[in-house]
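> Just passing along the structure, written as C-alpha coordinates.
Residue numbers (this note's numbering): 2 to 389.
Here is the structure:
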(Lines of atoms letter the chains of each structure in order from A and count residues from 1; the text may use other names and numbers.)
(Lines give C-alpha, C1' and ligand atoms only; values in the text may rest on other atoms or scores of the structure.)
Protein backbone atom coordinates (compact mmCIF):
# COMPACT_ATOMS: atom_id res chain seq x y z
CA UNK A 1 0.00 0.00 0.00
CA UNK A 2 1.33 3.39 -0.95
CA UNK A 3 0.43 5.80 1.81
CA UNK A 4 2.49 8.68 0.54
CA UNK A 5 4.59 8.64 3.71
CA UNK A 6 8.09 7.38 4.31
CA UNK A 7 7.06 5.62 7.54
CA UNK A 8 3.39 4.95 6.72
CA UNK A 9 3.48 1.16 6.92
CA UNK A 10 0.20 -0.71 7.51
CA UNK A 11 1.06 -1.34 11.17
CA UNK A 12 1.93 2.32 11.69
CA UNK A 13 -1.32 3.37 10.05
CA UNK A 14 -3.25 1.10 12.44
CA UNK A 15 -1.43 2.54 15.44
CA UNK A 16 -2.00 6.07 14.16
CA UNK A 17 -5.74 5.41 13.78
CA UNK A 18 -5.93 4.17 17.36
CA UNK A 19 -3.95 7.14 18.63
CA UNK A 20 -6.05 9.63 16.68
CA UNK A 21 -9.23 8.13 18.09
CA UNK A 22 -7.73 8.77 21.50
CA UNK A 23 -6.85 12.36 20.58
CA UNK A 24 -10.47 12.98 19.55
CA UNK A 25 -11.72 11.44 22.79
CA UNK A 26 -9.34 13.61 24.82
CA UNK A 27 -10.69 16.71 23.08
CA UNK A 28 -14.19 15.56 24.04
CA UNK A 29 -13.18 15.20 27.70
CA UNK A 30 -11.53 18.60 27.65
CA UNK A 31 -14.54 20.30 26.01
CA UNK A 32 -16.98 18.66 28.41
CA UNK A 33 -15.10 19.72 31.53
CA UNK A 34 -14.97 23.26 30.20
CA UNK A 35 -18.70 23.17 29.40
CA UNK A 36 -19.61 21.83 32.83
CA UNK A 37 -17.58 24.59 34.51
CA UNK A 38 -18.95 27.57 32.59
CA UNK A 39 -21.22 28.17 35.64
CA UNK A 40 -18.04 28.18 37.77
CA UNK A 41 -16.64 30.97 35.61
CA UNK A 42 -19.93 32.86 35.91
CA UNK A 43 -19.84 32.55 39.71
CA UNK A 44 -16.12 33.29 40.13
CA UNK A 45 -16.27 36.58 38.21
CA UNK A 46 -19.90 37.44 39.20
CA UNK A 47 -21.02 37.67 35.58
CA UNK A 48 -24.51 38.17 34.19
CA UNK A 49 -25.62 36.32 31.07
CA UNK A 50 -24.67 39.21 28.77
CA UNK A 51 -21.15 39.54 30.17
CA UNK A 52 -20.73 35.76 30.22
CA UNK A 53 -21.64 35.79 26.55
CA UNK A 54 -18.76 38.23 25.97
CA UNK A 55 -16.41 35.63 27.45
CA UNK A 56 -17.75 33.09 24.95
CA UNK A 57 -17.52 35.67 22.16
CA UNK A 58 -13.83 36.15 22.98
CA UNK A 59 -13.31 32.40 22.80
CA UNK A 60 -15.19 32.32 19.47
CA UNK A 61 -13.18 35.20 18.03
CA UNK A 62 -9.94 33.47 18.95
CA UNK A 63 -11.12 30.19 17.45
CA UNK A 64 -12.48 31.55 14.17
CA UNK A 65 -9.48 33.86 13.67
CA UNK A 66 -7.01 31.04 14.26
CA UNK A 67 -8.74 28.78 11.72
CA UNK A 68 -7.58 31.13 8.96
CA UNK A 69 -3.95 30.43 9.86
CA UNK A 70 -4.26 26.81 10.99
CA UNK A 71 -3.38 25.36 7.60
CA UNK A 72 -0.19 27.38 7.40
CA UNK A 73 0.84 26.41 10.94
CA UNK A 74 0.17 22.72 10.32
CA UNK A 75 2.00 22.91 7.00
CA UNK A 76 5.08 24.27 8.75
CA UNK A 77 5.05 22.23 11.99
CA UNK A 78 3.08 19.17 10.96
CA UNK A 79 -0.14 17.94 12.57
CA UNK A 80 1.77 16.07 15.28
CA UNK A 81 3.84 19.01 16.55
CA UNK A 82 0.88 21.38 16.16
CA UNK A 83 -1.32 19.18 18.35
CA UNK A 84 1.39 18.91 20.98
CA UNK A 85 2.01 22.66 21.05
CA UNK A 86 -1.70 23.43 21.26
CA UNK A 87 -2.12 21.01 24.15
CA UNK A 88 0.23 23.11 26.29
CA UNK A 89 -1.77 26.29 25.63
CA UNK A 90 -5.08 24.47 26.14
CA UNK A 91 -3.94 23.04 29.46
CA UNK A 92 -2.60 26.36 30.68
CA UNK A 93 -5.73 28.29 29.77
CA UNK A 94 -8.06 25.73 31.37
CA UNK A 95 -5.99 25.57 34.53
CA UNK A 96 -5.84 29.37 34.85
CA UNK A 97 -9.42 30.19 33.89
CA UNK A 98 -10.53 30.80 37.50
CA UNK A 99 -7.36 32.63 38.54
CA UNK A 100 -7.25 35.77 36.41
CA UNK A 101 -7.41 39.06 38.33
CA UNK A 102 -10.45 40.34 36.46
CA UNK A 103 -12.62 40.35 33.35
CA UNK A 104 -10.10 42.03 30.97
CA UNK A 105 -7.48 39.35 31.69
CA UNK A 106 -10.10 36.63 31.32
CA UNK A 107 -11.22 37.96 27.92
CA UNK A 108 -7.63 38.07 26.65
CA UNK A 109 -7.03 34.53 27.89
CA UNK A 110 -10.17 33.36 26.09
CA UNK A 111 -8.71 34.52 22.77
CA UNK A 112 -5.72 32.20 23.26
CA UNK A 113 -7.97 29.46 24.63
CA UNK A 114 -10.22 29.51 21.56
CA UNK A 115 -7.26 29.72 19.18
CA UNK A 116 -5.54 26.69 20.69
CA UNK A 117 -8.75 24.64 20.66
CA UNK A 118 -9.55 25.36 17.01
CA UNK A 119 -6.01 24.78 15.72
CA UNK A 120 -5.83 21.51 17.66
CA UNK A 121 -9.19 20.52 16.17
CA UNK A 122 -7.96 21.26 12.64
CA UNK A 123 -4.73 19.33 13.30
CA UNK A 124 -6.42 16.11 14.40
CA UNK A 125 -9.03 16.36 11.62
CA UNK A 126 -6.15 16.78 9.17
CA UNK A 127 -4.62 13.62 10.60
CA UNK A 128 -7.97 11.86 10.23
CA UNK A 129 -8.17 12.83 6.57
CA UNK A 130 -4.60 11.60 5.99
CA UNK A 131 -5.43 8.30 7.69
CA UNK A 132 -8.49 7.77 5.53
CA UNK A 133 -6.23 7.96 2.48
CA UNK A 134 -3.46 5.91 4.06
CA UNK A 135 -5.78 3.22 5.39
CA UNK A 136 -8.10 3.12 2.39
CA UNK A 137 -11.31 3.25 4.42
CA UNK A 138 -13.54 5.93 5.98
CA UNK A 139 -12.94 6.58 9.68
CA UNK A 140 -14.10 10.16 10.23
CA UNK A 141 -17.47 9.07 11.63
CA UNK A 142 -15.83 6.91 14.29
CA UNK A 143 -13.36 9.68 15.12
CA UNK A 144 -16.16 12.17 15.79
CA UNK A 145 -17.99 9.45 17.69
CA UNK A 146 -14.94 9.17 19.94
CA UNK A 147 -15.15 12.92 20.57
CA UNK A 148 -18.74 12.52 21.74
CA UNK A 149 -17.81 9.49 23.84
CA UNK A 150 -15.03 11.51 25.44
CA UNK A 151 -17.44 14.37 26.07
CA UNK A 152 -19.82 12.01 27.85
CA UNK A 153 -17.00 10.69 30.01
CA UNK A 154 -15.70 14.18 30.71
CA UNK A 155 -19.12 15.38 31.84
CA UNK A 156 -19.50 12.35 34.11
CA UNK A 157 -15.99 12.91 35.50
CA UNK A 158 -16.69 16.57 36.25
CA UNK A 159 -20.04 15.72 37.81
CA UNK A 160 -18.40 13.06 39.98
CA UNK A 161 -15.70 15.46 41.16
CA UNK A 162 -18.33 18.07 41.98
CA UNK A 163 -20.26 15.49 44.02
CA UNK A 164 -17.06 14.60 45.85
CA UNK A 165 -16.49 18.25 46.72
CA UNK A 166 -13.32 18.69 44.70
CA UNK A 167 -12.77 22.45 44.23
CA UNK A 168 -13.44 23.64 40.70
CA UNK A 169 -9.97 25.17 40.36
CA UNK A 170 -8.34 21.84 41.24
CA UNK A 171 -10.53 20.02 38.74
CA UNK A 172 -9.64 22.35 35.90
CA UNK A 173 -5.91 22.30 36.65
CA UNK A 174 -5.86 18.51 37.01
CA UNK A 175 -7.81 17.85 33.83
CA UNK A 176 -5.70 20.36 31.91
CA UNK A 177 -2.45 18.66 32.91
CA UNK A 178 -3.83 15.18 32.26
CA UNK A 179 -5.05 16.18 28.80
CA UNK A 180 -1.67 17.68 27.89
CA UNK A 181 0.13 14.49 28.95
CA UNK A 182 -2.31 12.27 27.02
CA UNK A 183 -1.90 14.35 23.86
CA UNK A 184 1.89 14.33 24.08
CA UNK A 185 1.87 10.54 24.51
CA UNK A 186 -0.74 9.87 21.81
CA UNK A 187 0.75 12.27 19.28
CA UNK A 188 3.90 10.14 19.12
CA UNK A 189 1.94 7.61 17.05
CA UNK A 190 0.57 10.09 14.52
CA UNK A 191 1.75 9.77 10.93
CA UNK A 192 4.13 12.46 9.71
CA UNK A 193 2.70 15.28 7.62
CA UNK A 194 3.55 15.00 3.90
CA UNK A 195 6.58 17.06 2.85
CA UNK A 196 5.74 20.57 1.61
CA UNK A 197 6.28 19.62 -2.05
CA UNK A 198 3.64 16.90 -1.75
CA UNK A 199 1.01 19.08 -0.12
CA UNK A 200 -1.79 20.51 -2.18
CA UNK A 201 -2.62 24.13 -1.47
CA UNK A 202 -6.28 24.62 -0.72
CA UNK A 203 -7.75 28.08 -1.15
CA UNK A 204 -10.95 29.05 0.58
CA UNK A 205 -13.87 29.83 -1.73
CA UNK A 206 -17.23 31.16 -0.64
CA UNK A 207 -19.97 28.57 -1.27
CA UNK A 208 -22.76 29.38 -3.68
CA UNK A 209 -25.97 27.69 -4.78
CA UNK A 210 -26.42 24.21 -3.30
CA UNK A 211 -23.22 24.54 -1.30
CA UNK A 212 -24.48 27.73 0.30
CA UNK A 213 -27.67 25.91 1.33
CA UNK A 214 -25.61 23.05 2.81
CA UNK A 215 -23.44 25.60 4.61
CA UNK A 216 -26.39 27.45 6.12
CA UNK A 217 -28.00 24.19 7.26
CA UNK A 218 -24.69 23.12 8.78
CA UNK A 219 -24.54 26.50 10.52
CA UNK A 220 -27.98 25.82 12.02
CA UNK A 221 -27.03 22.32 13.14
CA UNK A 222 -23.70 23.24 14.65
CA UNK A 223 -25.15 26.34 16.32
CA UNK A 224 -27.68 24.12 18.08
CA UNK A 225 -24.92 21.70 19.06
CA UNK A 226 -22.74 24.50 20.41
CA UNK A 227 -25.65 25.93 22.40
CA UNK A 228 -26.28 22.56 24.04
CA UNK A 229 -22.65 22.05 24.99
CA UNK A 230 -22.06 25.59 26.32
CA UNK A 231 -25.40 26.40 27.93
CA UNK A 232 -27.27 23.23 28.85
CA UNK A 233 -25.59 22.81 32.26
CA UNK A 234 -26.25 26.41 33.23
CA UNK A 235 -29.84 26.11 31.98
CA UNK A 236 -30.50 22.97 34.06
CA UNK A 237 -28.85 24.52 37.10
CA UNK A 238 -30.47 27.95 36.86
CA UNK A 239 -33.89 27.34 35.28
CA UNK A 240 -34.69 23.73 36.26
CA UNK A 241 -33.09 24.26 39.72
CA UNK A 242 -30.91 21.17 39.56
CA UNK A 243 -27.71 20.95 41.67
CA UNK A 244 -24.54 21.53 39.65
CA UNK A 245 -23.44 17.88 39.81
CA UNK A 246 -26.88 16.68 38.63
CA UNK A 247 -27.04 19.31 35.90
CA UNK A 248 -23.81 17.84 34.51
CA UNK A 249 -25.80 14.66 33.79
CA UNK A 250 -27.72 16.59 31.13
CA UNK A 251 -24.48 17.30 29.32
CA UNK A 252 -23.44 13.66 29.71
CA UNK A 253 -26.79 12.41 28.36
CA UNK A 254 -26.56 14.71 25.33
CA UNK A 255 -22.97 13.74 24.56
CA UNK A 256 -23.55 10.02 25.19
CA UNK A 257 -26.58 9.78 22.92
CA UNK A 258 -24.73 11.74 20.26
CA UNK A 259 -21.81 9.30 20.47
CA UNK A 260 -24.06 6.25 20.03
CA UNK A 261 -25.83 7.76 17.03
CA UNK A 262 -22.58 8.87 15.39
CA UNK A 263 -21.22 5.34 15.53
CA UNK A 264 -24.45 4.15 13.90
CA UNK A 265 -24.67 7.00 11.36
CA UNK A 266 -22.76 5.37 8.52
CA UNK A 267 -24.95 2.25 8.59
CA UNK A 268 -28.18 4.28 8.73
CA UNK A 269 -27.07 6.48 5.84
CA UNK A 270 -26.38 3.38 3.78
CA UNK A 271 -29.92 2.02 4.23
CA UNK A 272 -32.21 5.05 4.40
CA UNK A 273 -32.88 8.26 2.51
CA UNK A 274 -30.67 11.07 3.83
CA UNK A 275 -33.50 13.56 3.34
CA UNK A 276 -35.73 11.41 5.55
CA UNK A 277 -32.96 10.99 8.14
CA UNK A 278 -32.44 14.75 8.27
CA UNK A 279 -36.19 15.31 8.63
CA UNK A 280 -36.36 12.83 11.50
CA UNK A 281 -33.22 14.25 13.14
CA UNK A 282 -34.53 17.81 13.02
CA UNK A 283 -37.98 16.78 14.26
CA UNK A 284 -36.63 14.72 17.18
CA UNK A 285 -34.36 17.59 18.20
CA UNK A 286 -37.08 20.24 17.99
CA UNK A 287 -39.74 18.22 19.83
CA UNK A 288 -37.32 17.03 22.54
CA UNK A 289 -35.92 20.48 23.23
CA UNK A 290 -39.41 21.97 23.32
CA UNK A 291 -40.37 19.35 25.89
CA UNK A 292 -37.35 20.21 28.04
CA UNK A 293 -38.19 23.91 27.97
CA UNK A 294 -41.96 23.57 28.51
CA UNK A 295 -42.01 20.88 31.20
CA UNK A 296 -39.01 21.98 33.27
CA UNK A 297 -38.80 18.73 35.26
CA UNK A 298 -35.34 17.28 36.06
CA UNK A 299 -36.09 13.79 34.74
CA UNK A 300 -37.71 15.13 31.57
CA UNK A 301 -34.79 17.51 31.14
CA UNK A 302 -32.16 14.74 31.34
CA UNK A 303 -34.06 12.45 28.96
CA UNK A 304 -34.77 15.36 26.65
CA UNK A 305 -31.12 16.37 26.51
CA UNK A 306 -30.25 12.83 25.51
CA UNK A 307 -32.82 12.87 22.70
CA UNK A 308 -31.54 16.25 21.53
CA UNK A 309 -28.03 14.79 21.33
CA UNK A 310 -29.32 11.81 19.35
CA UNK A 311 -31.18 14.12 16.98
CA UNK A 312 -28.16 16.36 16.38
CA UNK A 313 -25.69 13.51 15.91
CA UNK A 314 -26.26 12.73 12.23
CA UNK A 315 -26.82 16.25 10.92
CA UNK A 316 -23.18 17.08 10.17
CA UNK A 317 -22.33 13.68 8.57
CA UNK A 318 -25.42 13.94 6.36
CA UNK A 319 -24.70 17.51 5.26
CA UNK A 320 -21.01 16.88 4.67
CA UNK A 321 -21.85 13.85 2.56
CA UNK A 322 -24.43 15.84 0.60
CA UNK A 323 -21.95 18.67 0.02
CA UNK A 324 -19.40 16.23 -1.41
CA UNK A 325 -21.95 15.24 -4.08
CA UNK A 326 -22.63 18.78 -5.33
CA UNK A 327 -21.39 18.94 -8.95
CA UNK A 328 -18.83 21.48 -10.12
CA UNK A 329 -16.36 21.11 -7.24
CA UNK A 330 -14.23 18.49 -5.53
CA UNK A 331 -15.47 16.73 -2.38
CA UNK A 332 -12.59 18.16 -0.33
CA UNK A 333 -13.24 21.74 -1.45
CA UNK A 334 -16.99 21.36 -0.92
CA UNK A 335 -16.65 20.00 2.60
CA UNK A 336 -14.08 22.69 3.47
CA UNK A 337 -16.43 25.45 2.33
CA UNK A 338 -19.45 24.03 4.17
CA UNK A 339 -17.52 23.22 7.34
CA UNK A 340 -16.12 26.76 7.53
CA UNK A 341 -19.65 28.16 7.79
CA UNK A 342 -20.72 25.40 10.15
CA UNK A 343 -17.75 25.89 12.46
CA UNK A 344 -18.58 29.59 12.68
CA UNK A 345 -22.07 28.56 13.82
CA UNK A 346 -20.66 26.22 16.45
CA UNK A 347 -18.52 28.99 17.89
CA UNK A 348 -20.72 32.05 17.37
CA UNK A 349 -24.13 30.56 18.22
CA UNK A 350 -23.57 30.03 21.98
CA UNK A 351 -22.47 33.61 22.73
CA UNK A 352 -25.61 34.93 21.06
CA UNK A 353 -27.66 32.99 23.59
CA UNK A 354 -26.26 35.15 26.37
CA UNK A 355 -27.48 38.33 24.74
CA UNK A 356 -30.96 36.88 24.24
CA UNK A 357 -31.04 35.57 27.82
CA UNK A 358 -30.05 38.97 29.16
CA UNK A 359 -33.02 40.66 27.47
CA UNK A 360 -35.57 37.87 27.85
CA UNK A 361 -34.69 34.67 29.75
CA UNK A 362 -32.37 31.73 29.39
CA UNK A 363 -35.38 29.51 28.71
CA UNK A 364 -36.43 31.73 25.82
CA UNK A 365 -32.86 31.84 24.54
CA UNK A 366 -32.57 28.05 24.51
CA UNK A 367 -35.53 28.07 22.16
CA UNK A 368 -32.98 28.84 19.45
CA UNK A 369 -32.29 25.10 19.40
CA UNK A 370 -35.96 24.44 18.58
CA UNK A 371 -35.93 27.03 15.80
CA UNK A 372 -32.68 25.73 14.26
CA UNK A 373 -33.89 22.10 14.36
CA UNK A 374 -37.23 23.05 12.79
CA UNK A 375 -35.42 24.81 9.94
CA UNK A 376 -33.36 21.68 9.37
CA UNK A 377 -36.41 19.42 9.29
CA UNK A 378 -38.30 21.69 6.87
CA UNK A 379 -35.27 22.21 4.61
CA UNK A 380 -34.30 18.54 4.28
CA UNK A 381 -35.85 18.39 0.82
CA UNK A 382 -33.10 20.67 -0.51
CA UNK A 383 -30.39 18.14 0.39
CA UNK A 384 -29.25 16.13 -2.66
CA UNK A 385 -29.73 12.41 -2.26
CA UNK A 386 -26.90 9.94 -2.68
CA UNK A 387 -26.80 7.87 -5.85
CA UNK A 388 -28.73 4.64 -5.70
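C-beta atoms are modelled at their ideal positions from N, C-alpha and C, and glycine is treated no differently. Source: prediction; values computed, not measured.
Using the three-state DSSP reduction, which class does residue 93 fall into: helix, strand or coil?
Note: residue 93 maps to helix in three-state DSSP.
> With a 10 Å radius around its C-beta and 16 neighbouring C-beta atoms as the bar for buried, classify residue 232 as buried or exposed.
So residue 232 ends up on the buried side.
> Tell me, please, whether the stretch 165-180 touches the stretch 258-274 by the rule of three or more beta-carbon pairs shorter than 8 angstroms.
The answer is no - the stretch 258-274 does not touch the stretch 165-180, with fewer than three Cβ pairs under 8 angstroms.
> Can you list, in chain order, the residues of its chain whose CB lies under 7 angstroms from that of residue 109, leaving out five sequence neighbours each side?
There are no such residues.
> Of the residues 371, 21 and 354, which one's Cα is nearest the Cα of residue 148?
Of 371, 21 and 354, the residue nearest in Cα terms is 21.
> From this set, 327, 234 and 124, which residue's C-alpha is nearest residue 192's C-alpha?
Nearest C-alpha to residue 192: 124.
> Pick out the complete alpha helix (DSSP H) segments inside the stretch 34-94, 4 residues or longer, and give them in chain order.
Counting only runs of 4 or more, we get 39-45.
> By a C-beta neighbour count over all protein chains shown, 10 Å radius and 16 as the cutoff for buried, is residue 221 buried or exposed?
Classification for residue 221: buried.
> According to the neighbour-count rule (16 or more other Cβ atoms, all chains shown, within 10 Å of its Cβ), is residue 167 buried or exposed?
Exposed, by the Cβ-count rule.
> Are residue 287 and residue 234 touching if we call contact CB-CB under 8 angstroms?
No, the pair does not count as a contact, with Cβ atoms beyond the cut-off.
> Just curious, the alpha helix (DSSP H) that residue 380 is in, first and last residue?
Start and end: 363-380.
> In chain order, which continuous runs of the beta strand (DSSP E) of length 3 or greater are located wholly inside the stretch 238-320?
Listed in chain order, there is nothing to give.
> Residue 359: which of 52, 210 and 240 sits nearest, CA to CA?
It is 52.
> Would you tell me roughly how many angstroms separate the C-alpha atoms of residue 363 and residue 228, rounded to the nearest one?
Roughly 11 angstroms between the two C-alpha positions.
> With 8 angstroms set as the bound, which would you pick, yes or no: does the beta-carbon of residue 160 sit closer than that to a beta-carbon of chain C?
Going by chain labels, chain C is absent from the structure shown, which holds only one protein chain.
> Can you tell which of 346, 343, 352 and 326 has its C-alpha closest to the C-alpha of residue 383?
For residue 383, the nearest C-alpha among the options comes from 326.
> Where residue 150 and residue 35 are concerned, what is the direct C-alpha to C-alpha distance, given to the nearest angstrom?
Rounded to the nearest angstrom, the two C-alpha atoms are 15 angstroms apart.
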